[in-house]
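The UniProt record's numbering numbers the first residue of the sequence shown as 1 and each following residue consecutively.
Just so it is clear, CB atoms sit at the ideal spot from N, CA and C, and this is done for glycine as well.
Note that this is a predicted model, so its numbers are computed, not measured.
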Amino acid sequence: MQRVSVVGREAGRNNFNRVLTDSRRFPDSFQFEALSHTPMMSTDTKPSQPAPPLPSEVTPEAVRWAYRLILGREPLPEDIPAHLHYPDLTSLRQAFFGCREFRERERILCGPSLSGFEPPLVLEDEVNATTLERLLAHIQASWQKLGREEPHWSVLTSEEFKQTNLAANREWFYASGHGNAEQFLHLLRRNGCFPDGVADKAVLEYGCGVGRVTHALAQHFGRVYAYDISAPHLALAKQWTDGLGLTNIAFSQIQHPQDVVRLPKVHAVYTVIVLQHNPPPVIRMILQGLLSALLPGGVALFQVTTYREGYAFVAKDYLRTAKARLGEVEMHVLPQRRVFGIIAQAGCQVLEVLEDAWTGYRYGELSNTFLVQKRDTAA
Numbered sequence: 001m002q003r004v005s006v007v008g009r010e011a012g013r014n015n016f017n018r019v020l021t022d023s024r025r026f027p028d029s030f031q032f033e034a035l036s037h038t039p040m041m042s043t044d045t046k047p048s049q050p051a052p053p054l055p056s057e058v059t060p061e062a063v064r065w066a067y068r069l070i071l072g073r074e075p076l077p078e079d080i081p082a083h084l085h086y087p088d089l090t091s092l093r094q095a096f097f098g099c100r101e102f103r104e105r106e107r108i109l110c111g112p113s114l115s116g117f118e119p120p121l122v123l124e125d126e127v128n129a130t131t132l133e134r135l136l137a138h139i140q141a142s143w144q145k146l147g148r149e150e151p152h153w154s155v156l157t158s159e160e161f162k163q164t165n166l167a168a169n170r171e172w173f174y175a176s177g178h179g180n181a182e183q184f185l186h187l188l189r190r191n192g193c194f195p196d197g198v199a200d201k202a203v204l205e206y207g208c209g210v211g212r213v214t215h216a217l218a219q220h221f222g223r224v225y226a227y228d229i230s231a232p233h234l235a236l237a238k239q240w241t242d243g244l245g246l247t248n249i250a251f252s253q254i255q256h257p258q259d260v261v262r263l264p265k266v267h268a269v270y271t272v273i274v275l276q277h278n279p280p281p282v283i284r285m286i287l288q289g290l291l292s293a294l295l296p297g298g299v300a301l302f303q304v305t306t307y308r309e310g311y312a313f314v315a316k317d318y319l320r321t322a323k324a325r326l327g328e329v330e331m332h333v334l335p336q337r338r339v340f341g342i343i344a345q346a347g348c349q350v351l352e353v354l355e356d357a358w359t360g361y362r363y364g365e366l367s368n369t370f371l372v373q374k375r376d377t378a379a
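1. Look at the Cβ atom of residue 207, then the Cβ atom of residue 263, and state whether they are nearer than 9 Å.
2. Is the beta carbon of residue 281 less than 9 Å from the beta carbon of residue 127?
3. Hey, residue 294 and residue 374 are a contact pair by Cβ (cut 8 Å); roughly how many whole angstroms apart?
4. How would you call residue 115, buried or exposed, if buried means at least 16 neighbouring beta carbons within 10 angstroms?
5. Are the CB atoms of residue 63 and residue 92 within a distance shorter than 9 Å?
6. Where does residue 153 land, buried or exposed, given buried means 16+ other C-beta within 10 angstroms?
7. Using DSSP with H/G/I as helix, E/B as strand and the rest coil, what is residue 366?
8. Can at least three beta-carbon pairs, one atom from the stretch 312-322 and one from the stretch 242-259, be found at a separation below 8 Å?
9. Relative to the C-alpha of residue 177, which residue among 216, 189, 83 and 143 is closest?
10. How about residue 191 and residue 299: do their beta carbons lie closer than 9 Å?
11. Which complete alpha helix (DSSP H) runs does the stretch 155-190 hold, if anything under 4 residues is left out?
12. Give me the Cα-Cα distance between residue 349 and residue 336, rounded to the nearest whole angstrom.
13. Using 8 Å as the threshold, is the stretch 220-230 in touch with the stretch 141-160, meaning 3 or more CB pairs across them?
14. Who does residue 227 pair with in a DSSP beta bridge?
15. Assuming contact is defined by CB atoms lying nearer than 9 Å, are residue 96 and residue 70 in contact in what I supplied?
16. Please report the distance separating the alpha-carbon of residue 301 from that of residue 346.
17. If you follow the beta strand (DSSP E) that residue 300 is part of, which residue opens it and which one closes it?
18. Return yes when the Cβ of residue 306 is within less than 9 Å of the Cβ of residue 334, no when it is not.
19. Contact check, residue 218 vs residue 248 under 8 Å by CB: the rounded distance?
20. How should residue 39 be labelled, buried or exposed, when 16 other C-beta atoms within 10 angstroms of its C-beta is the threshold for buried?
21. If you measure between the beta carbons of residue 212 and residue 155, is that distance less than 9 Å?
22. Within the continuous alpha helix (DSSP H) that includes residue 62, where are the two ends?
23. Residue 204 and residue 235 - do their beta-carbons sit closer together than 9 Å?
24. Tell me the DSSP secondary structure of residue 200 in three-state form.
25. Need the endpoints of the alpha helix (DSSP H) that residue 217 sits in, please.
26. Between the C-alpha atoms of residue 266 and residue 222, what's the straight-line distance to the nearest angstrom?
27. DSSP three-state call for residue 135: helix, strand or coil?
28. Is residue 330 helix, strand or coil by DSSP?
29. Between which two residues does the alpha helix (DSSP H) carrying residue 86 extend?
30. Which partner residues does residue 268 have in the DSSP bridge list?
31. Rounded to whole angstroms, what's the CA-CA distance from residue 105 to residue 67? Just pull it up for me.
As structure tokens, then:
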């Protein structure tokens, strides 16, 4: 039952790596999906001259060029006959633009990632304390291994940030954190949060990694509490921020579920490209802890994958095979319905939900960024 996606060399967690899937992995590529198929419209509504008529016959050569121009590859020999039945080139073109392979490759051009007809996910997100401890221990072991071997690449999975290439790209890596911090601040301003600014506010960053965003947050907030599950990552984060002369950051390691319960009270929480690497019960635990840490009126920004077609999770099955995945960057899901339930139980209200691209552009998958606020008990 348990299915875990793993980020490897080909797929990143960010916009540095756009996923280009091997079409031969999708035998159902040409199941035409009418939903979400929208003809592309020209902005020029009055062309100076009519377009020349298209030949009506769908020939083998026309099919070859459809593969080349639309899918960016040569067809396999058996692919040609499968498309000769289309009555005209318009039908052929619609079939190619509506096929799964094109939507996987060209997600940015294809509209919503979900149609609304997807099946529910079967997953377990509540387990007993012993199981939760085992799940967290496995994730910690994996990330400490990544922290020893490829710490920066594990944060942004692009070849530029492998240890062999890092010297030339370290400044670029850390500079990218400013954009994330600025987005957070912009969302706060857009929603009327902290109108007097955040210079006197405390922020908690969960999953700080090697400090890519931490140093940027520290240049805006009065105090930063930076947490991570991996000691090697934390050591590099402290080394970087110390080198910048930043003295308003406190780094701490998460080692047990109880550590998440004992987080300090803060005005703001930030965690992006972190929750998705934890099994659903751990995501639930972390979210509950982070939202509990908010002071009245405090605001949390967090990102999590909320749907992936075919994903399932059962804790006992996952733990039985966990050792084989040690050191892999796992990808997990917590559906929106359960996220909203956690938010409500924590006494928070949703300010915004954004569809983001942190998991890449994949049809059948959804990642969301949530901005939520703790209700002011005095109001």
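For this structure:
1. Your numbering for residue 207 matches position 207 in the sequence shown. Your numbering for residue 263 matches position 263 in the sequence shown. For residue 207 and residue 263, no; Cβs fall outside 9 Å.
2. By 1-based counting over the sequence shown, the position of residue 281 is 281. By 1-based counting over the sequence shown, the position of residue 127 is 127. The answer is yes: Cβ separation under 9 Å.
3. The sequence position of residue 294 within the sequence shown is 294, counting from 1. The sequence position of residue 374 within the sequence shown is 374, counting from 1. Contact between residue 294 and residue 374 holds: CB atoms are separated by about 4 Å, below the 8 Å threshold.
4. Your numbering for residue 115 matches position 115 in the sequence shown. Looking at its Cβ environment, which holds fewer than 16 other Cβ atoms inside 10 Å, residue 115 is exposed.
5. Translated into the one-based positions of the sequence shown, residue 92 becomes position 92. Translated into the one-based positions of the sequence shown, residue 63 becomes position 63. In this structure, residue 63 lies closer than 9 Å to residue 92 by Cβ.
6. If you number the sequence shown from 1, residue 153 lands on position 153. Per the 10 Å Cβ criterion, buried.
7. Taking the first residue of the sequence shown as position 1, residue 366 is located at position 366. Strand, per DSSP.
8. The stretch 312-322, when compared against the stretch 242-259, does not touch it at the 8 Å Cβ threshold.
9. Stepping through the sequence shown from its first residue, residue 177 is reached at position 177. Here the closest residue by C-alpha is 216.
10. In the sequence shown, residue 191 corresponds to position 191, counting from 1. In the sequence shown, residue 299 corresponds to position 299, counting from 1. Contact flag set, yes.
11. Fully enclosed alpha helix (DSSP H) runs of 4 or longer: 166-190.
12. Translated into positions along the sequence shown, residue 349 becomes position 349. Translated into positions along the sequence shown, residue 336 becomes position 336. Those two C-alpha atoms are separated by around 14 Å.
13. Verdict: yes, contact present.
14. Within the sequence shown, residue 227 is the residue found at index 227, counting from 1. 206 and 252.
15. By 1-based counting over the sequence shown, the position of residue 96 is 96. By 1-based counting over the sequence shown, the position of residue 70 is 70. Contact: yes.
16. Along the sequence shown, read from residue 1 onward, the residue named residue 301 stands at position 301. Along the sequence shown, read from residue 1 onward, the residue named residue 346 stands at position 346. Rounded to the nearest angstrom, the two C-alpha atoms are 14 Å apart.
17. Walking along the sequence shown from the start, residue 300 turns up at place 300. Boundaries of the beta strand (DSSP E) around residue 300: 294-308.
18. Within the sequence shown, numbered from 1, the residue matching residue 334 stands at position 334. Within the sequence shown, numbered from 1, the residue matching residue 306 stands at position 306. Judged by beta-carbon spacing, residue 306 lies within the 9 Å limit of residue 334, meaning their Cβ atoms are closer than that value.
19. Indexing the sequence shown from 1 puts residue 218 at position 218. Indexing the sequence shown from 1 puts residue 248 at position 248. About 6 Å separates the Cβ atoms of residue 218 and residue 248, confirming a contact at the 8 Å cut-off.
20. By 1-based counting over the sequence shown, the position of residue 39 is 39. With a pLDDT of 31 at residue 39, under the threshold of 50, the modelled position of this residue cannot be trusted, and the question is left open.
21. In the sequence shown, residue 212 corresponds to position 212, counting from 1. In the sequence shown, residue 155 corresponds to position 155, counting from 1. Here residue 212 is near residue 155, since their CB atoms are less than 9 Å apart.
22. For the purposes of this step, residue 62 is taken as residue 62 along the sequence shown, with counting starting at 1. Element bounds for residue 62: 60-66.
23. Sequence index remark: in the sequence shown, residue 235 carries index 235 (1-based). Sequence index remark: in the sequence shown, residue 204 carries index 204 (1-based). In this structure, residue 204 does not lie closer than 9 Å to residue 235 by Cβ.
24. As a working note, residue 200 is residue 200 in the sequence shown. Look at residue 200 here: in three-state DSSP terms it is coil, with no helix or strand label.
25. As a position in the sequence shown, residue 217 is number 217, starting the count at 1. Residues 214-218.
26. Against the sequence shown, residue 266 aligns to sequence position 266. Against the sequence shown, residue 222 aligns to sequence position 222. Just so you know, the alpha carbons of residue 266 and residue 222 end up roughly 11 Å apart.
27. For the purposes of this step, residue 135 is taken as residue 135 along the sequence shown, with counting starting at 1. Secondary structure at residue 135: helix, using DSSP grouped into helix, strand and coil.
28. Here the question's residue 330 lines up with position 330 in the sequence shown. Secondary structure of residue 330 (DSSP, three-state): strand.
29. If you number the sequence shown from 1, residue 86 lands on position 86. No alpha helix (DSSP H) contains residue 86, which DSSP labels as neither H nor E.
30. The residue given as residue 268 occupies position 268 in the sequence shown. Bridge partners of residue 268 according to DSSP: 203 and 299.
31. For the purposes of this step, residue 105 is taken as residue 105 along the sequence shown, with counting starting at 1. For the purposes of this step, residue 67 is taken as residue 67 along the sequence shown, with counting starting at 1. Answer to the nearest angstrom: the Cα atoms are 13 Å apart.
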